[in-house]
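**Student:** Numbering (our numbering), first residue to last: 6 to 509. Glycine residues also receive a C-beta, built at the ideal position from the N, C-alpha and C atoms. Keep in mind the model is a prediction, meaning the values are calculated, not measured. Quick one: this structure, given as structure tokens, is what I'll be asking you about.
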Ligand SMILES: [Zn+2]
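Below is the structure:
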């Protein structure tokens, strides 16, 4: 059984605490500290015990008390802050693995008390790790398994060059911001306001500046502006920062951020959540949805002075929101899908809206549902999203082929078809999750379960039709070929794939 660990520490004079399950992945623990320190994704974090020794930030951290609190220090990453991949690769000189090996050897030689690792060693270890993080986290490159390839030491051109253009240009951002500011002064009709509260909302009709107006509207109509004393200009700056930090990629872009947020907004209204949970939890959920796929952990951006929508909150409220957001954003990692779903199942029969733990799990479930909710939308809204997702997959597999990397089978344009990618995912991942949420809120059945079932029928039919076509083309004798994957195999593969994706 995992117990919850509480680590007290002080960072820049501020007392903070980090809470995480003892079986939490090391990376998540680091993220908790990183967020608390408001550190950039590549900054180096150093944690000191009361004796002044550096200790490792890991799930194994020894619990302490406020009296024996640790001290956290942030060292700015000294590689060029503009972390463009090509420069980075050059700066790295591809010797990362060699460096790691040397470090490991050194670590073995030096007898270190794990709690009192010499700081110089620790510094080196941190640097290597931060380089690795950088490589793995640059604009979804972790998908590529690029890191391993790069460290093998050849000088072939890397997808980094390609990725560079995916960032939004300054001009593009300025134009959108101008349009947004202009439009935000206009009145939004009651009809749109109501439509925005439904899962049938069609994102494809709106351009980015309009989407920013719609996001702003959500904060207004949930009364967050007055309840949390959020100034309009600050909210607008915040939304602009968010917009700026979603890249121009086929799927995980600003429109995806909007869809997830809008589905959550719809669920909040449909479940009358405002009368069941605290406003601050709902503010946390909505803001988490907005930030959940930012190209690097969004916490820093959210807390900079002129776009900090939480700046008028009390320290207590601020802390609660920050911790809640970390929980929510980490919950969208599909690697944790079963864990979170099982947690929810185990409390379902005794669910209590007065129980904080129960509510925490529910918020994670709701953001997860929202994150993969495209199939709950009308087919003409949902289907283009599937094309976008496959496009993003195919781009990756094409690059993998170019790079000579093994191609992830579910991303291979020669192997994947639309229906084959959908049926298993809907059956084994989507439906079980959605059904659990609808168990708690039965009126959701018609809004999110029925359309998903329809989508499943649709893709099952399409899959059959494609199979038939193939049979007709190749002759029926081919159909029983040994080694042809059965439907079940295909489906379970898709499920594994979805589960192993870092971000849906
Ligand atoms: Zn997402």
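1) Only counting the same chain, and skipping five residues up and downstream in sequence, which positions put a Cβ closer than 6 Å to that of residue 317?
2) Are the beta-carbon atoms belonging to residue 54 and residue 75 less than 7 Å from one another?
3) For the segment 376 to 457, list the alpha helix (DSSP H) runs that are entirely contained and at least 4 residues long, ordered along the chain.
4) Check whether the Cβ atoms of residue 259 and residue 207 sit closer than 7 Å, and answer yes or no.
5) Of all the options 333, 294, 386 and 288, which has the alpha carbon lying nearest to the alpha carbon of residue 314?
6) Please write down, chain order preserved, every residue whose beta carbon lies under 5 Å from a heavy atom of ligand 1.
7) So residue 267 is in the alpha helix (DSSP H); what residue range does that whole segment cover?
8) Can you list, in chain order, the residues of its chain whose CB lies under 6 Å from that of residue 381, leaving out five sequence neighbours each side?
9) Provide the residue span of the beta strand (DSSP E) that contains residue 13, from first to last.
10) Do residue 378 and residue 282 have their CB atoms nearer than 7 Å?
11) Could you tell me how far apart the beta carbons of residue 442 and residue 435 are, in whole angstroms, since I believe they sit closer than 8 Å?
12) Please list the segments of the alpha helix (DSSP H) lying wholly inside the segment 217 to 251, counting only runs of 4 or more residues, in order along the chain.
13) Are the beta-carbon atoms of residue 25 and residue 62 separated by less than 7 Å?
14) DSSP three-state label for residue 23, please.
15) Only counting the same chain, and skipping five residues up and downstream in sequence, which positions put a Cβ closer than 6 Å to that of residue 87?
16) What is the DSSP secondary structure of residue 278, counted as helix, strand or coil?
17) Please tell me whether residue 376 and residue 239 are closer than 7 Å, where the distance is taken between their beta carbons.
18) Within its chain, find whatever has a CB closer than 7 Å to the CB of residue 402; leave out the 5 residues flanking it on each side and keep chain order.
19) Please list, in chain order, all residues of the same chain as residue 405 whose beta carbon is under 6 Å from its beta carbon, the five residues on each side excluded.
20) When you compare each of 178, 439 and 284 to residue 251 by their alpha carbons, which one comes out closest?
21) Identify, in the order they occur along the chain, each residue of the same chain with its Cβ nearer than 6 Å to the Cβ of residue 247, setting aside the five sequence neighbours on each side.
22) Can you tell me where the alpha helix (DSSP H) with residue 288 in it begins and where it stops?
23) Buried or exposed: residue 180, going by 16 or more other Cβ atoms within 10 Å of its Cβ?
**Tutor:** Let me lay it out:
1) 234
2) yes
3) 384 to 408, 423 to 430 and 436 to 445
4) no
5) 288
6) 298 and 376
7) 259 to 275
8) 204, 453, 456 and 457
9) 9 to 16
10) no
11) Contact flag wrong, Cβ pair sits at about 11 Å.
12) 229 to 232 and 237 to 250
13) no
14) strand
15) Here the model assigns residue 87 a pLDDT of 36, short of 50, so the residue's position is not dependable, and the following value carries that caveat. No residues qualify anywhere along the chain.
16) helix
17) no
18) 412, 413, 416, 417 and 418
19) 412
20) 178
21) 295
22) 284 to 296
23) exposed
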